Each structure stands twice: as structure tokens, then as C-alpha cells.
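Have a look at the structure below, then the notes.
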Amino acid sequence: MTSMTSNQPYLLRAFYEWIVDNDLTPYIVVDATNELVEVPQEFVKDGQIVLNVSPSACVNFSLDIDGVSFQARFGGQPRRLSMPCEAVMAIYARENGAGTVFATEEDVARAQESRAEEAKESDVQVSGPTSLEDADTLDTDDAPVPPKKGKPTLKIIK
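Start counting the sequence shown at 4; every next residue gets the next number (the numbering used here).
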């Protein structure tokens, strides 16, 4: 299997555009502990920062495969913010919470390893017919019964 690039930048852009197209306010939750994240540290809580990235709140907004960057005001002071896409933990609409939480690369790798181990441990058994001849010889007792033709009736059950 060939290695693919992360789908997170594409999903992030899609959710951003979807939220903005619906006239809602997009917010992102950023992992401020990532060394490539440039945000005002005085607003970081528990290693995270929540940012309003709506067009009315940001200037020079850029969202591409490499990351997110824009200018915004904090306490009246303009600041330049930037972060790689993998540092964005979630995106949601402020008004209704619609959005998504992104899995970290470690979570994805762990899940793939777990699936690979389960596939190795389990004996894969083929169920059902393996050829047309086998399908013809299967017992038809389990086949669904077609509904009766004619006028439908209701039965009163007490």
C-alpha cells in the first residue's frame, strides 16, 4: 500500500468552508504545545487555545496543506498567528457546535497497528457460498418470504 499524505488539511478546509457558507462562526482548537505553533501564550489554557477564525475576525487568512496562518487582534494588539494543520485538534461552529475533532497521527498509527494485529490473530473463515454451484445448493428455508398480494389488512391484537 502506498503512503498517502494526511487528509486533515483537506478536511479542515472543507469544514471551514462549510461553516462559513452557512453563515456561522468557525472556531479552531489548537494544541499550543506543538513547537511550530505561534500563538499568544498568555491566552493558552491547559496547553490549548481556542481561536475565532471567521473572515470578520481574521486578516490575511491562509489555510493550505502546510498549515493555518492569519492576523488577529488580542487585547487590541494585532498579532500574527500560524500553526501546522496537525496542531489543529478540532474545528466547530460557535453557534451550534457542528464540526469535527481530529485524531492525532499517533492515534491513527495505534489504530492501524491494532487492526493489523487483530487480523493476524483471527482465523479468517469464509462464510457463505464460494461459487455459483454452492449458492444453488444452499438451503432456501432462510430466504425471506415475499408479501402476499391483494388488499392489506390490519389485525387487532389485545
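All C-beta atoms, glycine included, are put in the ideal place defined by N, C-alpha and C.
Source: prediction; values computed, not measured.
query                                                                                                                                                                             : result
Who does residue 83 pair with in a DSSP beta bridge?                                                                                                                              : 74
In angstroms, rounded to a whole number, what distance separates the CA positions of residue 51 and residue 80?                                                                   : 20 Å
What are the boundary residues of the beta strand (DSSP E) that includes residue 44?                                                                                              : No beta strand (DSSP E) holds residue 44; DSSP gives it neither H nor E.
Consult DSSP for residue 27 and reduce its assignment to one of helix, strand or coil.                                                                                            : coil
Name, in chain order, the residues that DSSP records as bridge partners for residue 95.                                                                                           : 30 and 102
For the region 82–96 against the region 24–39, do three or more pairs of beta-carbon atoms, one drawn from each stretch, fall closer than 8 Å, so that the two count as touching? : yes
Rounding to the nearest angstrom, what Cα-Cα distance links residue 117 and residue 104 in this structure?                                                                        : 21 Å
Output needed for residue 61: all residues of its chain with C-beta closer than 6 Å, excluding positions within five of it in sequence on either side, in chain order.            : 73 and 75
Could you say which of 119, 33 and 161 lies nearest to residue 47 if we only look at CA atoms?                                                                                    : 33
Report the option in 53, 45, 11 and 121 whose CA atom is closest to the CA atom of residue 96.                                                                                    : 53
Please look up how many angstroms separate the CB atoms of residue 77 and residue 43, rounded, as I've assumed it's under 8 Å.                                                    : 5 Å
For residue 65, report the span of its beta strand (DSSP E) as first-last.                                                                                                        : 62–66
Could you give the first and the last residue of the continuous beta strand (DSSP E) run that contains residue 159?                                                               : Segment: none, residue 159 is in no beta strand (DSSP E) and carries neither H nor E.
Considering only their Cβ atoms, is the gap separating residue 71 from residue 30 smaller than 9 Å?                                                                               : no
Measure the C-alpha to C-alpha separation of residue 49 and residue 98 and round it to an integer number of angstroms.                                                            : 23 Å
Using DSSP bridges, identify the partner residues of residue 115.                                                                                                                 : Its beta-bridge partners do not exist; DSSP assigns none.
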